[in-house]
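> Residue numbers (this note's numbering), protein chains in the order written: chain A, 1 to 148; chain B, 1001 to 1148.
Positions of the beta carbon are idealized from the N, C-alpha and C atoms, including for glycine.
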DNA sequence: GTAGGTGCAAATCGTTTGCTGATTC
DNA sequence: GAATCAGCAAACGATTTGCACCTAC
């Protein structure tokens, strides 16, 4: 495991302990999957991966673990209508996503920061800023080359 | 009905005719609701409103009409995981939204255009741009004042 | 008259919940 | 040992679909 993934995993474990959450084998496996994923795995993908190690694990456990991480603000949820949610356990704060509409791959592009724009827009309308989401949809290079 | 809403309604009717879609009373009512809404009504809200005029209308008809408009690119769909989708029939192209996380009100804020940013980000990663979505979440003035 | 639309009910899919037996601490 | 958790199945809510009847053109 890469150093930064290892460090993030230990950080998460510490935070669970702080809150008196138990470190069960299933939770540990889910945390590992999250910190080791480059992409933004969906619940189904996490479920599929964890079944390799713990075949009896249920989807409910995946959901419950993620709900716990959400409550701790240690995972970023990318919800999609009519599709599984995807999760980022490494950068649990708003950031730009580039999403392929064909293969549904999600990457973090290099992008100039939006900086104070969300705060500015919210303030101007009298809103107290909570968060924001910026998704760019396109066709990824691989899917482009596969077009006829 | 305001002039611009009237004009948009006629535009939509023309586009339906062009494609040999029939102008049924239910469809007309849904189109009216869409062009007259300042906000971004959800399917449930559209359903609720249309029932006042046509009590027998079904949710399925609302969904089917919206699916037709989506296919014609005449409505912008704002999908939310675990919530009804919302629709904008007046500005059926990507634009920034400001969303209250408490009352779920959605407004179009005055905002400097993102301009070429989505295209720039997509291009840099080799993606062909399809669309984008920029949502800012916060607490609206009314909900702030209602906080004890 | 006929292609297309409406409305109903059933099916679907992701997610959540209730509960019982098992496990971490 | 006790509080928490895992796993199962049932419940849920938004959306979609199949189909018989109906209606705009």
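When the cut-off is 8 Å and only beta carbons count, does residue 87 of chain A lie next to chain B?
Residue mapping note: residue 87 of chain A aligns to position 87 of the first chain, counting from 1. So, not an interface residue.
> Report the start-end ranges of each alpha helix (DSSP H) in the region 32-95 of chain A that is 4 residues or longer and not cut off at the edges.
You should have 43-53, 59-71.
> Return yes when the Cβ of residue 35 of chain A is within less than 8 Å of the Cβ of residue 1138 of chain B, no when it is not.
Here residue 1138 of chain B refers to the residue found at position 138 when the second chain is read from its first residue. Here residue 35 of chain A refers to the residue found at position 35 when the first chain is read from its first residue. No, the pair does not count as a contact, with Cβ atoms beyond the cut-off.
> Of all the residues that make up the region 1126-1140 of chain B, which are near chain A by a beta-carbon distance shorter than 9 Å?
Residues 1126, 1127, 1128, 1129, 1130, 1131, 1132, 1133, 1134, 1135, 1136, 1137, 1138, 1139, 1140.
> Mark residue 82 of chain A as exposed unless 16 or more other C-beta atoms lie within 10 angstroms of its C-beta, in which case mark it buried.
Taking the first residue of the first chain as 1, we reach residue 82 of chain A at position 82. With fewer than 16 Cβ atoms within 10 Å of its Cβ, residue 82 of chain A is classed as exposed.
> Only counting the same chain, and skipping five residues up and downstream in sequence, which positions put a Cβ closer than 6 Å to that of residue 1084 of chain B?
Looking up residue 1084 of chain B in the second chain gives position 84. For residue 1084 of chain B, where only same-chain residues beyond five positions count, the Cβ hits under 6 Å are 1042, 1043, 1044.
> Determine contact between the region 1045-1059 of chain B and the region 1069-1076 of chain B, defined as no fewer than three beta-carbon pairs at a distance below 8 Å.
No: the two stretches stay apart, fewer than three of their Cβ pairs being nearer than 8 Å.
> Beta strand (DSSP E) containing residue 1139 of chain B: first to last residue?
In the second chain, counting from the first residue as 1, residue 1139 of chain B sits at position 139. First-last of the beta strand (DSSP E) with residue 1139 of chain B: 1128-1139.
> Using the rule of at least 16 other Cβ atoms within 10 Å of the residue's Cβ for burial, across every protein chain shown, is residue 39 of chain A buried or exposed?
Within the first chain, residue 39 of chain A is the residue found at index 39, counting from 1. Classification of residue 39 of chain A: exposed, given that the 10 Å Cβ count is below 16.
> From which residue to which residue does the beta strand (DSSP E) around residue 1114 of chain B run?
As a working note, residue 1114 of chain B is residue 114 in the second chain. No beta strand (DSSP E) contains residue 1114 of chain B, which DSSP labels as neither H nor E.
> Does residue 1100 of chain B come out as helix, strand or coil in the three-state DSSP assignment?
In the second chain, the residue the question calls residue 1100 of chain B occupies position 100. DSSP places residue 1100 of chain B in strand when its eight states are reduced to three.
> Less than 6 Å between C-beta atoms, sequence neighbours within five positions excluded: which residues of the same chain meet that for residue 1122 of chain B?
Here residue 1122 of chain B is taken as the residue at index 122 of the second chain, counted from 1. For residue 1122 of chain B, where only same-chain residues beyond five positions count, the Cβ hits under 6 Å are 1129.
> Counting contacts by CB-CB distance shorter than 8 Å, is residue 39 of chain A in contact with chain B?
For the purposes of this step, residue 39 of chain A is taken as the residue at position 39 of the first chain. No, its Cβ sits nowhere closer than 8 Å to a Cβ of chain B.
> Straight-line CA distance for residue 1030 of chain B to residue 1017 of chain B?
Position 30 of the second chain, counted from the first residue, corresponds to residue 1030 of chain B. Position 17 of the second chain, counted from the first residue, corresponds to residue 1017 of chain B. Approximately 16 Å, taken between the alpha carbons.
> Look at the alpha carbon of residue 1023 of chain B and the alpha carbon of residue 1090 of chain B, and state the distance between them as a whole number of angstroms.
Within the second chain, the letter at position 23 stands for residue 1023 of chain B. Within the second chain, the letter at position 90 stands for residue 1090 of chain B. Those two C-alpha atoms are separated by around 19 Å.
> Between which two residues does the alpha helix (DSSP H) containing residue 10 of chain A stretch?
Here residue 10 of chain A corresponds to residue number 10 of the first chain, with the count starting at 1. Counting along the chain, the alpha helix (DSSP H) containing residue 10 of chain A begins and ends at 3-18.
> For residue 46 of chain A and residue 1145 of chain B, I'd like the C-alpha separation in whole angstroms.
As a first step, residue 46 of chain A must be located in the first chain, where it is residue number 46. As a first step, residue 1145 of chain B must be located in the second chain, where it is residue number 145. Roughly 41 Å separates the two Cα atoms.
> Residue 1023 of chain B by DSSP, collapsed to three states: which one?
In the second chain, residue 1023 of chain B corresponds to position 23, counting from 1. If DSSP states are grouped into helix, strand and coil, residue 1023 of chain B belongs with coil.
> Do residue 140 of chain A and residue 108 of chain A come within 8 Å of each other at the CB atom, strictly closer than that value?
Position 108 of the first chain, counting from 1, holds the residue named residue 108 of chain A. Position 140 of the first chain, counting from 1, holds the residue named residue 140 of chain A. Cβ atoms of residue 108 of chain A and residue 140 of chain A: not closer than 8 Å.
> Residues of chain B with CB closer than 8 Å to the CB of residue 96 of chain A, please, in chain order.
Within the first chain, residue 96 of chain A is the residue found at index 96, counting from 1. 1121, listed in chain order.
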